[in-house]
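Every letter in the first sequence is one number past the one before it in my numbering, and letter 153, counting from 1, is 857.
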Amino acid sequence: MANSKRLKGTLGEHMAAFQRGAVEVIEERELEKRLVRALAEDEPMRIKFGMDPSSPDLHLGHAIPLFKLRDLQRLGHQVVLIVGDATAMVGDPSGRSMLRPVLTREQVAANLETYTAQAALVLDLERTEIVRNAGWFDRMGFEGILQLTTRMTVAQMVERDTFQKRLSAGEPVGINEFLYPLMQGWDSVEVRADVELGGTDQLFNLLVGRRLQEQESQRPQVMVTTPLVNGLDGRKMSKSYGNSVGLTDSAREMTFGLMRLDDEAMAVWFLQLTRLGEPEIAELLKGHPRTAKARLALEVAGFFHGEKAAAEAAEAFNREVRDKELPADIPEIRWDSSLGSTRALANLLKDMGLVQSTSEARRAIEQGGVRWNGEVHTDPRSEMSEPKERVLVQVGKKRVMHLLPAEA
RNA sequence: GGGGAGGUUCCCGAGCGGUCAAAGGGGUCAGACUGUAAAUCUGAUGGCUCAGCCUUCACAGGUUCGAAUCCUGUUCUCCCCA
705 MANSKRLKGT
715 LGEHMAAFQR
725 GAVEVIEERE
735 LEKRLVRALA
745 EDEPMRIKFG
755 MDPSSPDLHL
765 GHAIPLFKLR
775 DLQRLGHQVV
785 LIVGDATAMV
795 GDPSGRSMLR
805 PVLTREQVAA
815 NLETYTAQAA
825 LVLDLERTEI
835 VRNAGWFDRM
845 GFEGILQLTT
855 RMTVAQMVER
865 DTFQKRLSAG
875 EPVGINEFLY
885 PLMQGWDSVE
895 VRADVELGGT
905 DQLFNLLVGR
915 RLQEQESQRP
925 QVMVTTPLVN
935 GLDGRKMSKS
945 YGNSVGLTDS
955 AREMTFGLMR
965 LDDEAMAVWF
975 LQLTRLGEPE
985 IAELLKGHPR
995 TAKARLALEV
1005 AGFFHGEKAA
1015 AEAAEAFNRE
1025 VRDKELPADI
1035 PEIRWDSSLG
1045 STRALANLLK
1055 DMGLVQSTSE
1065 ARRAIEQGGV
1075 RWNGEVHTDP
1085 RSEMSEPKER
1095 VLVQVGKKRV
1105 MHLLPAEA
């Protein structure tokens, strides 16, 4: 019976799943050999992937390896998700230009739950082995940690590009940061990883895993690196730049975000975040960029929220952005009569929560960005009186509210 | 342990004791334009009871009519020497 087998698919399908969108597979021939054997013996490979709960939310950049894990999981491989509660406290220096604050156990614990919940949006957690690395690192004790540190030299560590850059730029590098690659590498030993997935910035850490596994007489893991995608505007994806799309974002947020993606980035996003075939992707990219991008948004938002919600979000985008019409549902707020029957426009906008300060309101008003029932007002001091009926108040293109008369 | 250089507004970074809410760039916001909330161009960008007032330049004191700029102490970072 075919379905009594744990591994599904042909060697070619397995190789393709590993290779799709991968930047590097080290070593490719090693992977093939191990796959042949795995398939022959129907013995799933252990695919390691680590996530540090260092910030509370995952974005689409994080989802890239998750999608690959999902593919591999569906072929029957065993995904081992390491929730790096110990490593998170150290902080991954990869791609870091700054020393970052050490997280406390409490902060890490708080992020931990949201992390697995978010990973579950892509992965089948029923078929995922989830382990926390604090388990073994806590047990290791001082002596164990000391032993671990003897496995690499400072010269080997400092070879790393991020350390190089920071050192030559005169920026601080914490000693704790040297621990990070060793810890991540040791995780591979603990879970006996056959393959480890990681972003290209993880190259060094992944290599340390191979080294430690060899030292422990394990077969060194195959490394598969996935590209790091930039944010929507081409800069590094980061929540603080406001250029990321979160895994928990609504269909609307995903769609509106993806529609402003740089055109040039579309090819990579299609390949990494959708499972459309490569010929189809090529076809889409030949067509109008807007059409292609709309499809990308539909695919991604559809994956997380279903076709219907994605289609609705696409409609909303067309209506509000392309056709510059008002959103379907506009928040309403009532006139606050405790402030009297009239209010200076700048203050009113702040009261309504449309701006953060009256100064910001003044700026928006003076620059012609504020409309009262469609009419532009440019005097921040003009006294607005309580409306008789619903009034549409707009600040810029994005902020809209209905102002209603005070409760009778 | 010794010596030197630094910590400036969201970020980077300039800043003769008064003319500094503090150059410039990035980001952000607003306007124009656009297939797009992209790109490009223009303007704005601490707060407020806004032609004036209040709070900012690591922290705490001090000198001075007056300090981001001078002094003292504290703290953090980097570099060189040991």
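Cβ coordinates follow ideal geometry from the N, Cα and C atoms, glycine included. A quick note: this is a predicted structure, and the numbers were derived from the prediction, not measured.
Ala996 has its alpha-carbon roughly 25 Å from the corresponding atom of Leu1030. The Cβ atoms of Pro748 and Arg774 lie no closer than 7 Å to each other. Rounded to the nearest whole angstrom, the CA to CA distance from Leu764 to Asp953 is 10 Å. Assignment of beta strand (DSSP E) within the stretch 804-869, counting only whole runs of 3 or more residues, yields 832-836 in chain order. In the three-state reduction of the DSSP assignment, Ile1034 falls in the coil class. One alpha carbon belongs to Gly1100, the other to Asp1027, and they sit about 16 Å apart. For His718, the uninterrupted alpha helix (DSSP H) segment begins and ends at 715-723.
Around the beta carbon of Thr930, 16 or more other beta carbons sit within 10 angstroms, so the residue counts as buried. Rounded to whole angstroms, the Cβ separation of Asn815 and Ser892 is 23 Å, and the two are not in contact under 8 Å. Shown here, Lys752 sits in a strand according to DSSP, grouped into three states. Per the coordinates, the alpha-carbon of Gln976 lies some 44 Å from the alpha-carbon of Asn1077. In terms of CA proximity to Val912, Gln860 leads the group Gln860, Pro876, Ala873, Lys869.
Taking the CA atoms as reference points, Thr959 sits about 12 Å from Phe1007. Bounds of the beta strand (DSSP E) holding Ser1089 are 1087-1089. The three-state secondary structure of Leu916, taken from DSSP, is helix.
Taken through DSSP and simplified to helix, strand or coil, Gln1060 comes out as coil.
DSSP places Ala897 outside any alpha helix (DSSP H), giving it a letter other than H or E.
Put simply, the backbone Cα of Val1080 is about 20 Å away from that of Ile1037. Excluding its 5 nearest sequence neighbours in each direction, Arg836 has C-beta neighbours in its own chain below 6 Å: Val787, Asp789, listed in chain order. Burial is judged here by how many other beta carbons sit within 10 angstroms of a residue's own beta carbon; Gly754 has at least 16 and is buried.
Counted as a single uninterrupted DSSP element, the beta strand (DSSP E) harbouring Leu1096 occupies residues 1095-1099.
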